[in-house]
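Residue numbers (my numbering): 2 to 743. Beta carbons: idealized from backbone N, C-alpha and C, even for Gly.
This is the structure:
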C-alpha cells in the first residue's frame with residue numbers, strides 16, 4: 002500500500018547526538034542503530050542466502066595462515082542464530098522511536114533564535130531538557146550536552162521525524178498478516194501522530210498566509226503535506242480500528258483511546274455536533290470508568306469554550322458533580338479551577354465570588370494562614386497544590402482589584418510572590434517546568450489522569466501582569482510607579498534564555514509542535530499585554546514620546562507573531578487615548594471608532610471607547626445647553642455605575658457629575674489636584690503630572706476659591722494654571738511633530 006505522505010529524508014537525534022549537533026541522515030529505520038544490534042529480518046523460510054560477488058580473484062585467494070584459520074573455524078560448532086524479529090514489530094518500534102525522538106526538538110522550536118544564550122551575560126542560562134523517554138542511566142546526558150543551543154531546523158526536524166513515523170506506520174498497516182491487536186495498535190499510533198502532524202501543518206499554513214520573517218524562520222525546510230488527505234486517512238484508519246477493537250474485550254484500553262482520538266478528529270474539522278455526539282455516546286458506554294469519563298469531559302470542555310459560557314458552565318458543573326460523587330478530591334479541585342477561570346474569560350462577574358470561595362475551600366486556603374504551608378507533603382501532591390494556589394491568588398487579586406479592594410489585592414499579590422519564591426527555593430516546579438506543565442492526578446482504583454496545567458514560565462509572567470492589571474497604579478515617581486516598575490523588571494531579561502524565566506520550559510511526549518508554537522505565542526502575547534499596560538501608564542503620566550515608541554514596538558512584535566488581531570481593540574484604545582491627550586482629534590476619533598468596531602457592543606471596553614469618543618468630539622462640553630446630550634451622558638453614566646468594577650463605577654459618578662449643577666466640593670477638587678500631580682509630577686521640576694486633569698482642577702479650584710474669598714488659594718491655583726499652560730504648550734509642539742510623522 003502506498004504511503005499517504007511523501008517520505009522525508011529526516012535527521013534522527015539520539016541522546017549521544019543531541020539535536021543541536023550534527024545528526025545522522027536516516028534512510029531507513031535501522032540507520033541509527035549500531036551494526037551489531039540490527040535485527041536479522043527475513044520474510045520467508047525458503048530464501049537462499051545472498052552470495053557476495055568476487056571482485057578480485059587474486060586478492061581473495063586464501064594464504065597459508067588464512068587457510069589454517071578457516072579450517073579451524075569450520076571445526077567450531079555453528080553459532081546459534083537468534084530468532085528473527087517480525088517486520089511488523091520492527092516497523093512499530095521504529096515508528097515509536099521516531100515519534101518520541103521528535104519531542105526532543107520541541108524546546109528548540111519553542112525558543113526564538115534571537116533569544117540570547119550567551120553564558121557570559123551573568124545570567125544562568127536554561128538547559129536543554131532531556132527526552133521524555135530517557136529514563137535509564139545509560140541514556141542520561143552529561144551536563145555539557147544538556148546545554149541549550151539554538152537549532153533553526155528544530156521545527157523541520159521534529160516534523161520530519163513525525164512524518165517518518167507516519168510512513169512506517171502506513172507501511173505496517175499495509176501488511177496482510179497483522180493480528181487484530183497489531184492493527185489496532187498501529188492505527189492508534191497513526192491517529193496520535195497524525196493529529197500532531199496535522200496541527201503542525203496548520204501552523205505552517207497560518208505562518209505563510211499572515212506571518213512575517215521572524216515567524217517564518219522556524220518553518221525553513223519544512224515539508225508541506227496534503228492536510229485533507231491526511232485527515233481522511235486518519236478518519237478511515239481510526240474508524241476501522243475502533244470497529245475491530247469493539248469486538249474484543251482484550252482491546253478495551255486501546256478502544257477507549259481510539260474514542261478520544263475519533264472525537265478529537267471531529268472537533269478539529271469544525272464538526273462540533275458530531276464531536277458532541279461521539280463524546281455523549283462514549284460517556285453513556287463508560288459509566289464505570291472514571292478516568293475515561295474525565296478524559297472525555299476535558300476533551301469536550303476544550304472545544305466547547307468557544308460556543309459560549311452557558312454551555313461551558315453547565316458541562317463544567319456536571320464534571321464537578323461527578324468528581325464529587327466519586328470523592329476524587331484532585332479532580333474536584335481541577336473542576337473548580339476550570340469553573341473559576343471560565344467565569345473570568347466570559348465576564349460572568351456574578352459567579353466569581355462563589356466559584357473563588359469554593360476553590361479556596363477545596364485547597365484549604367485561608368487569608369490568615371501562611372501560604373507556604375500549602376507546599377508541604379508528597380512531591381506530586383505539593384506540586385499540584387502549589388500550582389492551584391498560585392492560580393487562585395492570581396484570580397483573587399484580579400477580582401479584589403476589580404471591585405476596588407486595593408489593600409486586599411496588594412496583600413494577595415505579596416503572598417503570591419512569597420509563594421513563587423518558596424517554590425523556587427524548594428524546587429517544587431522543577432519537574433513541572435521540565436515537562437511543560439503536565440501533571441499526573443492519581444485517581445483511586447483507576448489509572449492516573451495526566452492534565453495540562455499552566456506551565457511555570459507562564460505563571461511567572463502572569464504574576465507580573467496581574468500585579469499591573471489588578472491595581473493599575475499610575476501614581477508615584479518613575480522609580481516607584483507599579484505600572485512602570487513591574488513591566489520594566491519583567492522585560493529586563495525578555496531576550497535572554499534565563500532559567501526560571503519566560504523562556505524556560507520543556508515539553509513532554511504528550512505535546513506537539515503546534516503546542517510548542519502556541520506556548521511561544523502565549524509568551525509573546527502576555528509580553529505584549531504588559532507593554533500595552535506600561536505604555537498606558539506612560540501616557541497618563543504625560544510621557545507621550547516614550548509611550549508612543551513603546552506602542553510602536555508592541556505593534557511590531559504582535560505583527561511578527563500573528564498576535565495583532567486579538568489585542569487590536571486594546572491597542573486601538575491606547576492609540577486613541579495617546580492622540581486624545583495630544584489634541585490630535587481626527588486620529589483619536591479614528592482609533593476610538595476602530596476600537597468600537599472590533600469589540601462587542603455594550604462591553605466595558607466599548608463603554609470606554611464611547612466615552613472617549615464623546616470627549617474628543619467636545620460633546621461633554623456645554624451639556625446644560627443640550628438635553629439630548631445630557632440624556633446620552635446619563636445613560637452611559639448609569640451603565641458604568643452598574644458595573645462591578647470600581648473603576649467603571651467611579652467613571653459613572655464622574656460622568657453623572659457633568660450634568661449636575663452641584664458637581665464637586667473643595668475637598669474633591671483638592672484631592673483631584675493632588676492625584677493629577679502624582680501622575681508623573683514627582684519627576685518634573687514644575688510638578689505638572691497629568692496635564693489635562695491638572696489644568697481642569699486648577700481652573701475649578703481658582704473659581705471655587707474666588708467665590709469663597711480665599712485669595713491665597715486663588716494665587717496658588719493661578720500659579721498652577723500657569724505651569725500647566727506652559728506644559729500644554731510643550732505638548733502642542735510635540736503633537737505637531739507627531740502629526741507631521743516626525
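Cβ-Cβ distance between residue i and residue j below 8 Å
i	j	result
residue 484	residue 410	no
residue 344	residue 320	no
residue 605	residue 646	yes
residue 679	residue 468	no
residue 205	residue 225	yes
residue 242	residue 260	no
residue 100	residue 163	yes
residue 413	residue 124	no
residue 274	residue 240	no
residue 682	residue 673	no
residue 529	residue 564	yes
residue 113	residue 591	no
residue 392	residue 338	yes
residue 506	residue 684	no
residue 1	residue 454	Because the chain is modelled from 2 through 743, residue 1 falls outside the range shown and cannot be assessed.
residue 316	residue 299	no
residue 692	residue 543	yes
residue 102	residue 151	no
residue 624	residue 660	yes
residue 126	residue 111	no
residue 532	residue 562	no
residue 637	residue 735	no
residue 714	residue 702	yes
residue 287	residue 450	no
residue 750	residue 596	With the chain covering 2 to 743 only, the question about residue 750 has no answer from this structure.
residue 198	residue 231	yes
Where residue i falls, given that 16 or more other Cβ within 10 Å makes a residue buried
i	result
residue 445	exposed
residue 22	The predicted position of residue 22 is uncertain, since its pLDDT is 36 and thus under 50; a value taken from the coordinates is nonetheless stated next. Counting Cβ neighbours within 10 Å, residue 22 comes out exposed, since fewer than 16 surround it.
residue 67	Unreliable placement is indicated for residue 67, whose pLDDT of 45 sits below 50; the coordinate value is still reported in the next sentence. Exposed is the call here.
residue 277	buried
residue 130	buried
residue 203	exposed
residue 554	exposed
residue 254	exposed
residue 515	buried
residue 57	Because the pLDDT at residue 57 is just 38, under 50, the model does not fix this residue reliably, and the value given afterwards should be weighed accordingly. Residue 57 is exposed by the Cβ-count criterion.
residue 104	buried
residue 33	With a pLDDT of 34 at residue 33, under the threshold of 50, the modelled position of this residue cannot be trusted; read the value that follows with caution. Under this definition residue 33 is a buried residue.
Rounded Cβ spacing between residue i and residue j (contact assumed at less than 8 Å)
i	j	result
residue 656	residue 634	6 Å
residue 158	residue 115	So it is not a contact: roughly 19 Å between Cβ atoms.
residue 429	residue 442	Contact doesn't hold; Cβ gap of about 17 Å is too wide.
residue 471	residue 405	Between residue 405 and residue 471 the Cβ distance is about 11 Å, and since that is not below 8 Å, they are no contact.
residue 179	residue 89	6 Å
residue 189	residue 92	At roughly 14 Å, the Cβ-Cβ gap does not stay under 8 Å, so residue 189 and residue 92 are not in contact.
residue 174	residue 191	7 Å
residue 548	residue 579	6 Å
residue 369	residue 357	Not confirmed; about 17 Å, so no contact.
residue 223	residue 160	6 Å
residue 698	residue 677	6 Å
residue 502	residue 431	Wrong, their Cβ atoms sit about 14 Å apart, outside the cutoff.
Residue span of the beta strand (DSSP E) that contains residue i, given as start and end
i	result
residue 452	450-453
residue 441	439-442
Endpoints, alpha helix (DSSP H) assigned at residue i
i	result
residue 464	457-472
residue 409	407-426
residue 485	483-492
residue 232	228-247
residue 255	253-269
residue 275	273-286
residue 654	647-658
residue 384	380-403
residue 432	431-435
residue 116	From DSSP, residue 116 is part of no alpha helix (DSSP H); its letter is neither H nor E.
residue 102	88-103
residue 642	628-642
Inset, instruction - Counting only runs of 3+ residues fully inside the region 521-603, write out the beta strand (DSSP E) ranges in chain order. - result: none
Legend entry - Contained beta strand (DSSP E) runs [length at least 3] in the region 342-367, N- to C-terminal order: none
Legend entry - Segments assigned alpha helix (DSSP H), at least 4 residues, entirely inside the region 692-738: 692-709
Inset, instruction - Could you tell me which uninterrupted beta strand (DSSP E) segments, each at least 3 residues in length, are contained entirely in the region 160-201, listed from first to last along the chain? - result: none
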